[in-house]
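Visitor: Have a look at this one.
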Amino acid sequence: MRRVSTPSLALSVLDDLARDALDPAYTAAAARRAALTDPGTVDPDATEPDATEPDATEPDATEPDAVEPDATEPGGRRRAWAVWLVLGVLGVAMAFAVHRQSVQAPAVERARTALIADVRSRTAADRALAARIDGLRAETARQRAVALGRSRSGAALNARIAGLETAAGDTAVHGAGVTLRLADAPADPPAGAGPAGAGSAPADILAPVAGRILDRDVADAANALWAAGARAVSVGGVRLTATTAIRTAGDTILVGFTPLQSPYDLVAVGDPGRLAAGVTGSAAGRRLAGYHTTFGIGFSVARGPALTVPAATVTMPRLARESAR
Amino acid sequence: MIGALALAVGLAVGVVLNPTAPSWLDPYLPIAVVAALDAVFGGLRAALEKVFDDKVFVVSFISNVLVAALVVFIGDKLGVGGQLSTAVVVVFGIRIFANAAAIRRQVFKA
Amino acid sequence: MRAVRRPELGSLRRPGRARVAVWVLLAVLGFGITVSVRAHSGAAGLSNARPDDLVGILDDLDAKGRRLQSEADSLQETRDRLNGSDSGAEALAEARSRAEGLAILAGTVGAQGPGIEVTIDDSGGRVGADVLVDAIQELRDAGAEALQVGAVRVVASTAVVDPTGGGIAVDGHHLGPPYRILAIGDAHTLAQAMQIPGGVLDTVASRDGAVASVATPALVRITAVRP
Numbered sequence: 001m002r003r004v005s006t007p008s009l010a011l012s013v014l015d016d017l018a019r020d021a022l023d024p025a026y027t028a029a030a031a032r033r034a035a036l037t038d039p040g041t042v043d044p045d046a047t048e049p050d051a052t053e054p055d056a057t058e059p060d061a062t063e064p065d066a067v068e069p070d071a072t073e074p075g076g077r078r079r080a081w082a083v084w085l086v087l088g089v090l091g092v093a094m095a096f097a098v099h100r101q102s103v104q105a106p107a108v109e110r111a112r113t114a115l116i117a118d119v120r121s122r123t124a125a126d127r128a129l130a131a132r133i134d135g136l137r138a139e140t141a142r143q144r145a146v147a148l149g150r151s152r153s154g155a156a157l158n159a160r161i162a163g164l165e166t167a168a169g170d171t172a173v174h175g176a177g178v179t180l181r182l183a184d185a186p187a188d189p190p191a192g193a194g195p196a197g198a199g200s201a202p203a204d205i206l207a208p209v210a211g212r213i214l215d216r217d218v219a220d221a222a223n224a225l226w227a228a229g230a231r232a233v234s235v236g237g238v239r240l241t242a243t244t245a246i247r248t249a250g251d252t253i254l255v256g257f258t259p260l261q262s263p264y265d266l267v268a269v270g271d272p273g274r275l276a277a278g279v280t281g282s283a284a285g286r287r288l289a290g291y292h293t294t295f296g297i298g299f300s301v302a303r304g305p306a307l308t309v310p311a312a313t314v315t316m317p318r319l320a321r322e323s324a325r
Numbered sequence: 326m327i328g329a330l331a332l333a334v335g336l337a338v339g340v341v342l343n344p345t346a347p348s349w350l351d352p353y354l355p356i357a358v359v360a361a362l363d364a365v366f367g368g369l370r371a372a373l374e375k376v377f378d379d380k381v382f383v384v385s386f387i388s389n390v391l392v393a394a395l396v397v398f399i400g401d402k403l404g405v406g407g408q409l410s411t412a413v414v415v416v417f418g419i420r421i422f423a424n425a426a427a428i429r430r431q432v433f434k435a
Numbered sequence: 436m437r438a439v440r441r442p443e444l445g446s447l448r449r450p451g452r453a454r455v456a457v458w459v460l461l462a463v464l465g466f467g468i469t470v471s472v473r474a475h476s477g478a479a480g481l482s483n484a485r486p487d488d489l490v491g492i493l494d495d496l497d498a499k500g501r502r503l504q505s506e507a508d509s510l511q512e513t514r515d516r517l518n519g520s521d522s523g524a525e526a527l528a529e530a531r532s533r534a535e536g537l538a539i540l541a542g543t544v545g546a547q548g549p550g551i552e553v554t555i556d557d558s559g560g561r562v563g564a565d566v567l568v569d570a571i572q573e574l575r576d577a578g579a580e581a582l583q584v585g586a587v588r589v590v591a592s593t594a595v596v597d598p599t600g601g602g603i604a605v606d607g608h609h610l611g612p613p614y615r616i617l618a619i620g621d622a623h624t625l626a627q628a629m630q631i632p633g634g635v636l637d638t639v640a641s642r643d644g645a646v647a648s649v650a651t652p653a654l655v656r657i658t659a660v661r662p
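Protein chains in written order, with the numbering used here: chain A, 1 to 325; chain B, 326 to 435; chain C, 436 to 662.
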């Protein structure tokens, strides 16, 4: 309206956004302060600043004034009716849209949402339980150390346990190593980028499997890290132990039953040069590099001087018993 | 200065308490954070231009967050939640960039 | 918007209410950022999972939760016993059982218990490291507590590679067919995990000249150990 010849609406909106980036309320408030110290110059525009939302689409302060004086005239009243009518129509349309949406979002969708909430709450509960176990473990370890410290054989047993804990992944490991990142290929053009963007919400579900990281990709990458001499490996912050599985449920990769999502960071502690060379030179590394060029998946290896692989919450075997050899 | 400290305190509390947001908040929280960041950048720029006003900041912060959440909520109800969230992010993103550019000009004179 | 209390910015006077509100809001923002970062890094990837998959994940989480719960319970019991008077003998017993469990997980001692034995025969040389990696992951997923492939104990750091010249190398030990995998755990669950459609048995069967079978002996003995 204000500009007669704009190349395109979209451009002018962007333009306005950038131009009016500073909340006009600030300038208005500043002007008001200036006016207070110097009452001679009251800025009329500043009397009613719209502090709520300075949208670019909002007209200049000069514009609305043009309508109001007419309000008492017959034409003005008719206009007022028109506004009410339009608002009423809008209300009805929105009610329809909301209703349709709630009908269309069927029971399946609602059940899915409930399931997701369930998964999240249970993941959180498991995390809390793991924290409690870690606390109890520390406490019993302390008690044990005190009780066993009195005898030589007890102390030896305690030292043996400490060594086994390290081997079983019950303690965090720090040191130099590499971070291997795997990521799903970026989705097709983002929604809104073009006409195809409209209504492309289900695109994620139908995304080609080719650009997705699968559980076997993560497992193969971890395998390559072990083969290259890693001392400890974690995936998405989950320490890999002898009983940690890397599995998939549909499109979600689970490591030690913890759902993860792209990007997947594998942190390995060990000789960084050997690890990096070992991974990129392995069959899995070559395969993933190939996927990187053909399908656009993310595959990168970065060396790090000080990495941490967290401790696992190791649960004791319940069925396996030690057997004499 | 204290503002930056307050922000750091909030971050620290979040890291320490390790909270999990209730799932009904999921669609709103990121949008609200982006909207709040817009208000913060606007306030920072205003401060550098010596026109900062506490009240304007508070009002713009709260209204930004509420309006952004409302837009997403209505979008959800109308079935265009994803697209509207994108729109909100784009709009605030552009404003954040514009304000960041202004701040940069103020600070580095370039 | 009416009163302008402080005409100058950054004064050293007592902060006004609005200024305090600014600080509070900034702190809330910081908090909100961490919360949403965490929410995003958590289970956000589930948002386009199918209901069937979600049910599967829930089952797994249930199993994990039960395992953690029983672990926590037994630990609590241990702690209470150790708190009792004359805890020397108790501590020794606790330490022994802890050492035993850890040693089984770390693979430094032999192990026995219920479980399965998987045999993969591969006359055509079509079964590679990928199948073995898959089988190991599947068995771990089904709750295997101790694993052995050929004469090699499988632990966290076990790597399986395709060496030049055929066969499979597990932790540097060259193995040839038939490959024998021993797993200790709930035999029924382990066997089912191998037999699910598209699982390890199917994968092996789809390769020429290869066939896999599952046996459930009364007692599985894992004798291979780590140094």
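Yeah, the Cβ is synthetic: ideal placement off N, Cα and C, and Gly gets one too.
These numbers were taken from a predicted model, which means no experiment stands behind them.
(1) Just the C-alpha distance for threonine 113/A and arginine 122/A, rounded to the nearest angstrom, thanks.
(2) By the 9 Å beta-carbon criterion, what residues does the region 251-264 of chain A contribute toward chain C?
(3) Could you tell me which residues DSSP puts in a beta bridge with threonine 123/A?
(4) Would arginine 409/C pass as an interface residue toward chain B - the criterion being a Cβ-Cβ separation below 8 Å?
(5) From glycine 536/C to arginine 110/A, what distance separates their C-alpha atoms?
(6) Taking valine 314/A and glycine 169/A to be in contact with their CB atoms under 8 Å, please state how far apart those CB atoms are, rounded to whole angstroms.
(7) Let me check one thing: in DSSP terms, what residues is glutamate 322/A bridge-paired to?
(8) Does chain B have any CB closer than 8 Å to the CB of aspartate 23/A?
(9) Identify every residue that forms a DSSP beta bridge with leucine 625/C.
(10) Hey, which unbroken runs of the beta strand (DSSP E) at 3 residues or more fall wholly within the region 221-281 of chain A?
(11) Check the Cβ of isoleucine 327/B against every Cβ in chain C and list those closer than 7 Å, keeping chain order.
(12) Quick one: Cα of tyrosine 353/B to Cα of valine 397/B, how far?
(13) Could you check which residue in Ala230/A, Asp126/A, Asp217/A and Val279/A has the C-alpha nearest to that of isoleucine 253/A?
(14) So if I threshold CB-CB distances at 8 Å, which residues from the region 376-390 of chain B count as touching chain A?
(15) So, is the C-beta of glycine 500/C closer than 8 Å to a C-beta in chain B?
(16) Identify the contact partners of serine 323/A in chain C, using a Cβ-Cβ distance below 8 Å as the criterion.
(17) I think alanine 530/C touches leucine 157/A, with their Cβ atoms under 8 Å apart; what is that distance to the nearest whole Å?
(18) Here's the rule I'm using: 16 or more other beta-carbon atoms within 10 Å means buried, otherwise exposed. How should arginine 239/A be labelled?
(19) Name the chain C residues that come within less than 8 Å of glycine 335/B, Cβ to Cβ?
(20) With a cut-off of 8 Å on the beta carbons, I'd call alanine 586/C and histidine 609/C a contact; round off their distance for me.
(21) What does valine 392/B reach in chain C if we use C-beta pairs closer than 7 Å?
(22) Does leucine 332/B come within less than 8 Å of chain C when only Cβ atoms are used?
(23) By DSSP, does arginine 212/A sit in helix, in strand, or in coil?
(24) Is alanine 371/B near alanine 462/C, with beta carbons less than 8 Å apart?
(25) Output, in sequence order along the chain, the residues in the region 26-40 of chain A whose CB is closer than 7 Å to any CB in chain B.
(26) Indicate the three-state DSSP secondary structure (helix, strand or coil) for valine 328/A in the structure shown.
(27) Cβ atoms of threonine 308/A and alanine 162/A: under 8 Å apart, would you say?
(28) Take alanine 562/C as the anchor and find which of Val455/C, Leu574/C, Val660/C and Val635/C has the nearest alpha-carbon.
(29) Could you confirm whether any beta carbon from chain B is found closer than 8 Å to the beta carbon of alanine 97/A?
(30) Counting only C-beta atoms, is proline 317/A closer than 8 Å to chain C at any point?
(31) Select from Asp515/C, Gly602/C and Trp458/C the residue whose C-alpha is nearest the C-alpha of glycine 328/B.
(32) Taking C-beta pairs closer than 8 Å, name the residues in chain A that alanine 371/B reaches, listed in chain order.
(33) Count the C-beta pairs between the region 549-561 of chain C and the region 621-631 of chain C that are closer than 8 Å, then say yes if the count reaches three, no if not.
Guide: Quick answer:
(1) Within the first sequence, residue 113/A is the residue found at index 113, counting from 1. Within the first sequence, residue 122/A is the residue found at index 122, counting from 1. Roughly 14 Å between the two C-alpha positions.
(2) Asp251, Thr252, Ile253, Leu254, Gly256, Phe257, Thr258, Pro259, Leu260, Gln261 and Ser262
(3) In the first sequence, counting from the first residue as 1, residue 123/A sits at position 123. Answer is none; threonine 123/A lacks a bridge partner.
(4) Past the edges of chain C, shown from 436 to 662, lies residue 409/C, and the structure says nothing about it.
(5) Working through the third sequence from its first residue, we reach residue 536/C at position 101. Working through the first sequence from its first residue, we reach residue 110/A at position 110. When rounded, the distance between both Cα atoms is 43 Å.
(6) The residue labelled residue 314/A in the question sits at position 314 within the first sequence. The residue labelled residue 169/A in the question sits at position 169 within the first sequence. With 8 Å as the limit, valine 314/A and glycine 169/A qualify as a contact, their Cβ atoms being about 6 Å apart.
(7) The residue given as residue 322/A occupies position 322 in the first sequence. Note: glutamate 322/A sits in a beta bridge opposite Ala546/C.
(8) By 1-based counting over the first sequence, the position of residue 23/A is 23. At least one chain B Cβ lies under 8 Å of aspartate 23/A.
(9) Here residue 625/C refers to the residue found at position 190 when the third sequence is read from its first residue. Answer by DSSP bridge pairing: none, since leucine 625/C is not bridged.
(10) 232-235, 246-249, 252-255, 258-260 and 264-269
(11) Residue 327/B sits at position 2 when you count from the first residue of the second sequence. Ordered by position in chain C, the residues that pass the 7 Å Cβ test against isoleucine 327/B are Trp458.
(12) The sequence position of residue 353/B within the second sequence is 28, counting from 1. The sequence position of residue 397/B within the second sequence is 72, counting from 1. The alpha-carbon atoms of tyrosine 353/B and valine 397/B are separated by roughly 7 Å.
(13) Position 253 of the first sequence, counted from the first residue, corresponds to residue 253/A. Comparing Cα positions, the closest option is Asp217/A.
(14) Val376, Phe377, Asp378, Lys380, Val381, Val384, Ser385, Ser388 and Asn389
(15) Your numbering for residue 500/C matches position 65 in the third sequence. So no, glycine 500/C is outside the interface.
(16) Working through the first sequence from its first residue, we reach residue 323/A at position 323. The contacting residues are Val544, Gly545, Ala546, Gln547, Arg656, Ile657 and Thr658.
(17) By 1-based counting over the third sequence, the position of residue 530/C is 95. By 1-based counting over the first sequence, the position of residue 157/A is 157. Contact holds; Cβ gap of about 5 Å.
(18) Reading the first sequence from its first residue, position 239 is the one you call residue 239/A. Buried.
(19) Walking along the second sequence from the start, residue 335/B turns up at place 10. Chain C residues near glycine 335/B: Leu461, Ala462, Val463, Leu464, Gly465, Phe466, Gly467, Ile468 and Thr469.
(20) Numbered from 1 along the third sequence, position 151 holds the residue referred to as residue 586/C. Numbered from 1 along the third sequence, position 174 holds the residue referred to as residue 609/C. Not confirmed; about 11 Å, so no contact.
(21) As a working note, residue 392/B is residue 67 in the second sequence. Within 7 Å Cβ-Cβ: nothing; valine 392/B doesn't reach chain C, min ~15 Å.
(22) The residue labelled residue 332/B in the question sits at position 7 within the second sequence. Closer than 8 Å: yes.
(23) Numbered from its first residue, the first sequence carries residue 212/A at position 212. Here arginine 212/A sits in coil by DSSP.
(24) Mapped onto the second sequence, residue 371/B falls at position 46. Mapped onto the third sequence, residue 462/C falls at position 27. No, they are not a contact pair.
(25) Tyr26, Thr27, Ala29 and Ala30
(26) Within the shown structure, residues of chain A are numbered from 1 to 325, placing residue 328/A beyond reach of any answer.
(27) Position 162 of the first sequence, counted from the start, is the residue given in the question as residue 162/A. Position 308 of the first sequence, counted from the start, is the residue given in the question as residue 308/A. Against a cut-off of 8 Å, the Cβ pair of threonine 308/A and alanine 162/A comes out as no contact.
(28) Position 127 of the third sequence, counted from the first residue, corresponds to residue 562/C. The displayed chain sequence assigns valine, not alanine, to residue 562/C. Considering only alpha carbons, the answer is Val635/C.
(29) For this step, residue 97/A is matched to residue 97 along the first sequence. Alanine 97/A counts as touching chain B.
(30) Residue 317/A sits at position 317 when you count from the first residue of the first sequence. True, the Cβ-Cβ gap to chain C drops below 8 Å.
(31) To locate residue 328/B, count along the second sequence from 1; it is residue 3. Selected option, being the one with the closest Cα: Trp458/C.
(32) Here residue 371/B refers to the residue found at position 46 of the second sequence. Near alanine 371/B (Cβ distances below 8 Å), the residues of chain A are Leu22, Asp23 and Tyr26.
(33) yes
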